[in-house]
Amino acid sequence: MDKVGQTTVESVVKQRHHFSRRHSLEVITILIVLGCAIYSLWPGYAGQAQVKLDHSQISYQGRVNKQKFNGQGTLKVAGQGTYVGHFSDGRFNDLGQFKSLDGWTYLGQFKNGMISGNGKMLDAKQQVIGKYKNGVLQQP
Amino acid sequence: MRIKWFSFVRITGLLLVLTYHFFKNLLPGGFIGVDIFFTFSGYLITALMVDEFNRQGNFDLIGFYRRRFYRIVPPLVLSILLVIPFTYLVSRDYVTNIGKQITAALGFTTNFYEIATGGSYETNFIPHLFVHTWSLAIEMHYYIIWGLCALLIARLVKHSYQKNQKTKRRALMLFKRSLFLLSGIFFIASLSAMIIGSLHLKEFSPVYFSTLTHCFPFFLGSCLGILVGIRQISTRFMASVRTWTTPIAIFILGLCFTALIGLSLTLQFDQRSTYFYGFLVASILASIMIYAARILHEKTPTIAEPKVITFLADTSYSVYLFHWPFFVIFSHVVNLYWAVILTLVLSLAFSALSYYFLEPLIAGKTDQFHATWVRWSLKKHLLQTAIVVILIALTGVTSYTAYAAPTMTSLETKLWTSGLYQDIDQINDAHQAVLAAVEAKQKAEAARKKQLAAKTAAEKAKAEEERILSMIPQGVSIIGDSVTLGTRQYLGAHVPESTIDAAGNRTMDLAYKVMMDQQKKHTLRQYVVIAIGTNALNDWQAQTDKVIHSLEKGHHLILMTPHDGSATAAYNSEKLAVYERTLPKRYPWITIADWNTVAKAHPEAFKGSDGTHFGGNAQGDALFAKCINDALAIAKKQPFKK
């Protein structure tokens, strides 16, 4: 009688233990699922960063969002020069200034990387040598 | 209790989706297979809810969630862990952002992740390996919301459910009616959202992926589940069972199947009609199929479902999970047919392992296993240990893959980098243009002074000549067609002081437009090379004369004779070449770059090409550039246009 009683209690304890272990595993899994859900929809990094492209031929220092240059930044291109200004979706956009290694500078508006709007070309002595209006060079 | 013939509904859905993925051109609308799954799930889940309330007068939400969880999550985790090692067969581009993709799949947020990343099911160049889990996400969202609704309604009507048969029936009626009303409202709301949402869209993936717009098939299934029932079937349904005969049920099943195939042949992912009524019609056909299958079950008490049908239906969910990533991977390793075979064999094998062994093991239903060695090794904890070790190893591989995965595809990086270089080139060009304009102005002023100072007629003529030349930028302007475009990089580097404007399919009249545009902007350089004529129209002679006459004074014109590998003397391009060769005699400022002759003398430069475009052939590149440079050397000794 006692023996039978003992086994019943034991099996109940075992079952309870089994249940609680399964139960906690289930809770952990649900927490992992929730964590995954939050992480997957968490917006990517936005802020200051250093980025190198094309085997370090292009190097960028500035604001990054959605893995591309977005906002103010400085872009150095080996053998060409440096662009300082605004970026959008990885390309020159709005106001920016490109200073070439030869010393000349273009200062003006960009749209999707193209010269657009107003701007001016300066020589190495910072003298204006050309003016752009609506993206078109004005005849001197 | 297993309802026979429901397997056909599941298999139909799977067949459509698989065919769509494997042979998209064959079945452009096969994506409606997912809506068949949705309708069926809605039906099954809701019918079981009604059954449960009928039995117990309540609804156990936690039990419901637990059953759904054990059915959905383990195969999903397994499919991810088993797929990842296979990604090492293909380029790293295919695991771009795989960490985010995996967490989206496990977090049941793939549909929103795809909307956020702008990923379209159709147009992605590098398809996401787990994009297909978007449907699991919607399914999970439906279960969570619908379970809560059922609990709420069950709580509200529970008080009238007592031991008394009459009140019991009234409570059940109330439960069914409330649930039906609610699913009807959700169905109409979701369907309206999809139709209205697609009105202003050109690219439909937002309404395709969103839970809000694409959950209506579940609620259509829910309505059907309440009307028909599953174990506890309605009296109305019993009347149908009596009136329908077995051949009618089979006929309706076959008819719906054929209609679904027909719908899959006509619908397109990027057509508005798909969103207006395509998914709705598919869901309605699936509902009729379910209805006919349920009747057929009643009509065939003695006939067993064929084993192979049951097997395919059992494994359909896992096959759906495995097939897409496997197919994407294998189709980049072997040809299409082998990819399909490999995908099917591996998907079925892993799905069987998942459904018949791992899932019962994880759910703790070990009494299902009959083989003695399995029972023995389970008892000794050998199998469990082996499985845990394998799972840990696979988790390690997956974590490492996600950690080391690139965040941008190489194509996207390349396009972005080239774009930045092009932008810099453009600023350099702008600087050159400014310098040229300044120089032209200075020269023009000097020429005008000389002209004023000129006394004799000879001096005046010389000053006039200098004035004309001062207006024109130095260098070479090359205007070409696709042949030039193919060798653009090499040509630019090997013809000094040149700018190249080339485009595919460019005829002489289009080249004329380019030349006139550059002339107007004062960017047309002194030596003008026209490498056009492969695409010669009937009025080739008139168009060529137009170019000759419209070119301003001070320029040299170099005409490159066209070469078309398949042309005979009767072709316009050949006639143009003959005509062009006669021109220098009449106009000393025209020089011929006789590509037509050079190309014919060097067939080796066209090896493996179409005989016209040598692009990429080093010998062809060199010959083409030499042909232009030789002509330029001759032109320099000739007078310019006066």
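Order-wise, the sequence lines are chains A and B.
Under the working numbering, the residue at position 45 of the first sequence is numbered 463, and the numbers go up by one with no gaps.
Under the working numbering, the residue at position 27 of the second sequence is numbered 71, and the numbers go up by one with no gaps.
Each residue gets a CB set at the ideal place from its N, CA and C atoms; glycine is no exception.
These numbers were taken from a predicted model, which means no experiment stands behind them.
Which residues of the segment 468-493 of chain A have a Cβ closer than 8 Å to any Cβ of chain B? Give them in chain order.
L471, D472, I476, Q485, K486, L493
Please state the DSSP three-state secondary structure of G151(B).
Here G151(B) sits in coil by DSSP.
According to DSSP, simplified to helix, strand and coil, what is S254(B)?
coil
What does the alpha-carbon distance come out to for the pair D541(A) and R550(B)?
One C-alpha to the other measures close to 38 Å.
Determine, using beta carbons only, whether A303(B) and S51(B) come nearer to each other than 8 Å.
no
May I ask you to list, following chain order, the residues of the segment 459-484 of chain B that have a beta carbon less than 8 Å from some beta carbon of chain A?
W460, T461, G463, L464, Y465, Q466, D467, I468, Q470, I471, N472, A474, H475, A477, V478, L479, A481, V482
Using the three-state DSSP reduction, which class does K549(A) fall into: helix, strand or coil?
It is a strand residue.
Mark M217(B) as exposed unless 16 or more other C-beta atoms lie within 10 angstroms of its C-beta, in which case mark it buried.
exposed
How far does the alpha helix (DSSP H) with M515(B) in it reach, from first residue to last?
Neither: M515(B) is in no alpha helix (DSSP H) and is coded neither H nor E.
DSSP three-state assignment for M184(B), whether helix, strand or coil:
helix
Backbone secondary structure at F355(B) - three-state DSSP
helix
What is the residue span of the beta strand (DSSP E) that A467(A) lies within?
465-471
Status (buried if at least 16 other CB within 10 Å, exposed otherwise) for H3(B)
Nothing can be reported for residue 3(B): it is not among the residues displayed for chain B, which extend from 45 to 686.
Output yes if chain D places a C-beta closer than 8 Å to the C-beta of T447(A); else output no.
The question asks about chain D, but that chain is absent: this structure's protein chains are A and B.
Chain-order list of residues whose beta-carbon lies under 6 Å from that of V384(B) (same chain, five-residue window excluded)
F66
Beta-bridge pairing of H504(A) - partner residues as DSSP gives them:
The partner list for H504(A) (beta bridge, DSSP) reads Q490(A).
Determine the burial state of K144(B): buried for a count of at least 16 other Cβ atoms within 10 Å of its Cβ, exposed for fewer.
By the 10 Å Cβ count, K144(B) comes out buried.
Quick one: using the 10 Å Cβ neighbour count with 16 as the cut-off for buried, is Q544(A) buried or exposed?
exposed
Let me know the secondary structure DSSP gives Q475(A) once reduced to three states.
In the structure shown, Q475(A) sits in coil (DSSP, three-state: anything other than H, G, I, E or B).
Residue(s) in a DSSP beta bridge with I522(B):
I544(B), V573(B)
May I have the straight-line CA-CA distance separating A537(B) from L245(B), to the nearest angstrom?
So the alpha carbons of these two residues sit roughly 45 Å apart.
Just the C-alpha distance for I332(B) and P461(A), rounded to the nearest angstrom, thanks.
43 Å
Beta strand (DSSP E) segment containing A293(B), residue limits:
Segment 290-310 is the alpha helix (DSSP H) holding A293(B); no beta strand (DSSP E) there.
Contacts around R511(B), its chain only, beta-carbon distance under 7 Å, and the 5 residues preceding and following it disregarded:
Counting only Cβ-Cβ distances below 7 Å, and skipping sequence neighbours, we find A488, A491, R492, Q495.
Cβ pair count under 8 Å reaching 3, the segment 475-483 of chain A against the segment 449-460 of chain A:
no
I'd like to know if the segment 66-85 of chain B and the segment 309-316 of chain B are in contact, where contact means that at least 3 CB-CB pairs between them fall below 8 Å.
yes
Sequence-distant residues of its chain with Cβ nearer than 7 Å to N467(A) (five each side left out)
The sequence given here places Ala at residue 467(A); Asn does not occur at that position. These residues qualify, in order along the chain: V482.
Output, in chain order, the set of chain B residues within a Cβ distance shorter than 9 Å of R509(A).
W460, G463, L464, D467
Using a Cβ-Cβ distance cut-off of 8 Å, determine whether L459(A) contacts chain B.
It does; some Cβ of chain B falls within 8 Å.
CB of W584(B) within 8 Å of CB of T605(B), strictly:
no
Based on the DSSP output, what are the partners of Y524(A) in its beta bridges?
F516(A), M539(A)
Distance CB(V482(B))-CB(I547(A)) smaller than 8 Å:
yes
Please go through the same chain and pick out, in chain order, the residues whose beta-carbon is closer than 6 Å to the beta-carbon of P517(B), but skip the five residues on each side of it.
Close CB contacts of P517(B) within its chain, under the 6 Å cut and outside five residues either way in sequence, are with A480, R569 (chain order).
Start-to-end residues for the alpha helix (DSSP H) that takes in A283(B)
279-287
I'd like the span of the beta strand (DSSP E) that includes H600(B), first residue to last.
In this chain, the beta strand (DSSP E) harbouring H600(B) covers 600-604.
Buried or exposed by the 16-neighbour rule on C-beta atoms within 10 Å, applied to Q556(A):
Under this definition Q556(A) is an exposed residue.
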